[in-house]
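Enquirer:
Residue numbers (the numbering used here): 13 to 202.
Pasting the structure below:
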């Protein structure tokens, strides 16, 4: 048996272990890496969907509450709300899923004589970072007149640091605004 001769530089290049080949062949931890890449994106999508659903639920209930309250104001009657606090309470009682609604709601009401009387600016909402309540225009509905009413509330997001909630404009305490409006013609008096 012939002895192999070794070269002084070590094993031949074909026998030398390649670090890159070893790294490419290694499979341990690949699932964890995939999870670390995919999980945040998946969770952001899931929580954004939940946030959007909750936001739509609150907005729909706020719209419905304003519609029912406006109907009472439009028809009139002894129990119809006529002042800003009464309308705010009536809307909040009907909105149901908005916690502390009366403290975070504003009501604006004005008579409209011509199309340019409709407000073009965004609704005035409560800033929970201050103690002062915003001043809004409030004119009681008049018989046989067009009246514009707008309600704005501030609500907290479910997931404030993830997905959709990160993109929403927020007040000083992290709440976003939901606003709804309606215009109506009061029933003429008899």
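By construction, the Cβ of each residue, glycine as well, lies at the ideal position given by its N, Cα and C atoms.
As the structure is a prediction and not an experimental result, all values here were calculated from the model.
1. Compute the Euclidean distance between the alpha carbons of residue 166 and residue 194, then round it to the nearest angstrom.
2. Cα separation between residue 198 and residue 160?
3. So for residue 202, helix, strand or coil by DSSP?
4. I need the DSSP call for residue 125, collapsed to helix, strand or coil.
5. Give the range of the beta strand (DSSP E) segment to which residue 190 is assigned.
6. Only counting the same chain, and skipping five residues up and downstream in sequence, which positions put a Cβ closer than 7 Å to that of residue 114?
7. Closer than 8 Å by C-beta to residue 170: which residues in its own chain qualify, once you throw out the five before and the five after it? Chain order, please.
8. For my contact list, residue 74 and residue 110 are in at a C-beta cut-off of 8 Å; report their separation, rounded to the angstrom.
9. Which residues share a DSSP beta bridge with residue 72?
10. Which residue marks the beginning of the alpha helix (DSSP H) containing residue 106, and which one marks its end?
11. Go ahead and pull the three-state DSSP assignment for residue 171.
12. Closest to residue 172 by CA distance: which of 163, 162, 188 and 164 is it?
13. Based on the DSSP output, what are the partners of residue 120 in its beta bridges?
Expert: Working from what's here:
1. Position 154 of the chain shown holds residue 166. Position 182 of the chain shown holds residue 194. One C-alpha to the other measures close to 19 Å.
2. As a working note, residue 198 is residue 186 in the chain shown. As a working note, residue 160 is residue 148 in the chain shown. Cα to Cα, the separation comes out at about 11 Å.
3. For the purposes of this step, residue 202 is identified with residue 190 of the chain shown, where counting begins at 1. With a pLDDT of 45 at residue 202, under the threshold of 50, the modelled position of that residue is not reliable, and the figure given next carries that caveat. In the structure shown, residue 202 sits in coil (DSSP, three-state: anything other than H, G, I, E or B).
4. Counting from one through the chain shown, the residue named residue 125 turns up at place 113. Coil.
5. Locating residue 190 in the chain shown gives position 178, counting from the first residue. Run containing residue 190: 188 to 197, per the beta strand (DSSP E) assignment.
6. Position 102 of the chain shown holds residue 114. If we look at residue 114 and ignore the five residues flanking it on each side, its Cβ neighbours are 100, 101 and 104.
7. The residue given as residue 170 occupies position 158 in the chain shown. These residues qualify, in order along the chain: 59, 62, 63, 66 and 177.
8. Along the chain shown, one-based indexing puts residue 74 at 62. Along the chain shown, one-based indexing puts residue 110 at 98. Right, their Cβ atoms sit about 7 Å apart.
9. Numbered from 1 along the chain shown, position 60 holds the residue referred to as residue 72. DSSP, once it has assigned bridges, lists no residue as partnering residue 72.
10. For this step, residue 106 is matched to residue 94 along the chain shown. Its alpha helix (DSSP H) spans residues 96 to 107.
11. For the purposes of this step, residue 171 is identified with residue 159 of the chain shown, where counting begins at 1. Correct three-state label for residue 171: coil.
12. If you number the chain shown from 1, residue 172 lands on position 160. Ranking 163, 162, 188 and 164 by Cα distance to residue 172 puts 188 first.
13. In the chain shown, residue 120 corresponds to position 108, counting from 1. Answer is 162.
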